[in-house]
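Peer 1: Protein chains in written order, with this note's numbering: chain A, 1 to 138; chain B, 1 to 138.
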DNA sequence: CTATAATCCTATCGGTTTACTAGGTTTTAA
DNA sequence: TTAAAACCTAGTAAACCGATAGGATTATAG
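#1: Work out the CA separation of residue 100/A and residue 35/B for me, nearest whole Å.
#2: Is it the case that the Cβ atoms of residue 119/A and residue 86/A are separated by a distance below 8 angstroms?
#3: Within 10 angstroms of the Cβ of residue 127/B, are there 16 or more other Cβ atoms? Answer buried if so, exposed if not.
#4: Does residue 75/B get closer than 8 angstroms to chain A when you measure Cβ to Cβ?
#5: On the criterion of 16 or more Cβ atoms from any shown chain inside 10 Å, does residue 10/A qualify as buried, or is it exposed?
#6: Please state if the CB of residue 64/B and the CB of residue 16/B are separated by a distance shorter than 8 angstroms.
#7: Within 10 angstroms of the Cβ of residue 108/B, are there 16 or more other Cβ atoms? Answer buried if so, exposed if not.
#8: Using a C-beta to C-beta distance shorter than 9 angstroms, which residues of chain A count as neighbours of residue 27/B?
#9: For the candidate residues 21/A, 46/A, 26/A, 129/A, whose alpha-carbon lies nearest to that of residue 62/A?
#10: Quick check: is the beta carbon of residue 124/A nearer than 8 angstroms to any beta carbon in chain B?
#11: What does residue 25/A pair with, by DSSP beta-bridge criteria?
#12: Give me, in chain order, the residues of the same chain whose beta-carbon lies closer than 6 angstroms to that of residue 39/B; leave out the 5 immediate sequence neighbours on both sides.
#13: Throw me the rounded Cβ distance for the residue 69/A and residue 3/A pair, which I believe falls under 8 angstroms.
#14: For residue 81/A, decide whether its Cβ has a neighbour in chain B, counting only Cβ atoms nearer than 8 angstroms.
#15: Under 8 angstroms Cβ-Cβ, which residues of chain A neighbour residue 110/B?
#16: Check the Cβ of residue 114/A against every Cβ in chain B and list those closer than 9 angstroms, keeping chain order.
#17: In its own chain, which residues sit with a C-beta less than 7 angstroms from the C-beta of residue 45/A, not counting the 5 before and 5 after it?
#18: If you draw a straight line from the alpha carbon of residue 103/A to that of residue 124/A, how long is it in whole angstroms?
Here you go:
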């Protein structure tokens, strides 16, 4: 299950990406339009800034803006930052690998084999979708 | 993330499927060989029995056995019973649908569109893999 | 008939995560 | 100088997870 944090983060990024101009967008505006608790959203925006997706401007007329082009932001990257691993099991995760303590040999593990396939299928979809694809309406 | 419950459940099913004969397999045997807490496994086996994957026999020489052929058990079915929805968001789940309360229109939701693709990719993999595929070594 | 081995059942529990909320501080533009 | 915005830290209620505890029930073997 995708956490609300990730879901809200993606929605916020898409909201900003849909704007033509590059003027900073306030968290309050996104919060109202996307029905997200403002304080919660603020913490998410902060994280997106710290991880290099957004820039920010403080004070009156400030807000958040995209640093890269929407077409250059893969959804794999967004999800990995907000949610963590894309794999369903740590032992098949490319970026967050962890050995299972119950499993003596990954190569003969039935779950392992299956989850590699699931991971690859998800990576395929999330890797070929960019923020631009996501943000476009309809 | 896949819960341990689901992971253990799949391992247990695969363990039983690998046996040539159809004699009941005890939870204690699976628990030892797959390094799973026995009491926890018992509750999982019970669930798998109640949901129609396993039959059971009580008393000495008892245990659990498969009701269908391994080749007829799709991993989608197993995961849906143990884990719940395969989709990452309830609003794209086929079997556990729920409307998002923040989302006025699913058709224009960027997350929705993306998650449908992820769901379909996962369904593809989990639907074409059966317990037989999973259980076969290497 | 009895001992034992197995499933079955209910309850509980400590730890972690989630989704916020509260209450501010700091910075900037008008 | 004021207001609006991001920034920061902490806390918190609820849910969920991964067990554990303690038995009740049933079946087999001797």
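Glycine included, every Cβ here is placed at the ideal spot set by N, Cα and C.
Peer 2: Walking through what the data contain:
#1: As a working note, residue 35/B is residue 35 in the second chain. As a working note, residue 100/A is residue 100 in the first chain. Computed Cα separation, rounded: 11 angstroms.
#2: In the first chain, the residue the question calls residue 119/A occupies position 119. In the first chain, the residue the question calls residue 86/A occupies position 86. Contact annotation: residue 119/A and residue 86/A have beta-carbon atoms nearer than 8 angstroms.
#3: For the purposes of this step, residue 127/B is taken as residue 127 along the second chain, with counting starting at 1. Residue 127/B comes out exposed.
#4: As a working mapping, residue 75/B is identified with position 75 in the second chain. By this cut-off, residue 75/B is an interface position.
#5: Position 10 of the first chain, counting from 1, holds the residue named residue 10/A. When all chains shown are included, residue 10/A counts as buried.
#6: Here residue 16/B refers to the residue found at position 16 of the second chain. Here residue 64/B refers to the residue found at position 64 of the second chain. Against a cut-off of 8 angstroms, the Cβ pair of residue 64/B and residue 16/B comes out as a contact.
#7: As a working note, residue 108/B is residue 108 in the second chain. Exposed: under 16 other Cβ atoms inside 10 Å.
#8: If you number the second chain from 1, residue 27/B lands on position 27. What residue 27/B touches in chain A: nothing, since even the nearest Cβ is about 15 angstroms away.
#9: Along the first chain, one-based indexing puts residue 62/A at 62. The shortest Cα separation from residue 62/A among 21/A, 46/A, 26/A, 129/A belongs to 26/A.
#10: Counting from one through the first chain, the residue named residue 124/A turns up at place 124. Answer yes: the Cβ-Cβ gap between residue 124/A and chain B drops below 8 angstroms somewhere.
#11: As a position in the first chain, residue 25/A is number 25, starting the count at 1. In DSSP, residue 25/A forms a bridge with 64/A.
#12: Position 39 of the second chain, counting from 1, holds the residue named residue 39/B. Excluding its 5 nearest sequence neighbours in each direction, residue 39/B has no C-beta neighbour in its own chain below 6 angstroms.
#13: Looking up residue 69/A in the first chain gives position 69. Looking up residue 3/A in the first chain gives position 3. Between residue 3/A and residue 69/A the Cβ distance is about 26 angstroms, and since that is not below 8 angstroms, they are no contact.
#14: The residue labelled residue 81/A in the question sits at position 81 within the first chain. Not an interface residue.
#15: Sequence index remark: in the second chain, residue 110/B carries index 110 (1-based). Correct list: 10, 11, 14, 134, 135.
#16: Within the first chain, numbered from 1, the residue matching residue 114/A stands at position 114. Residues of chain B passing the Cβ test: 10, 75, 125, 126, 129, 133, 134.
#17: Reading the first chain from its first residue, position 45 is the one you call residue 45/A. Cβ neighbours of residue 45/A beyond the five flanking positions: 12, 27, 54, 64.
#18: The residue given as residue 103/A occupies position 103 in the first chain. The residue given as residue 124/A occupies position 124 in the first chain. Roughly 27 angstroms between the two C-alpha positions.
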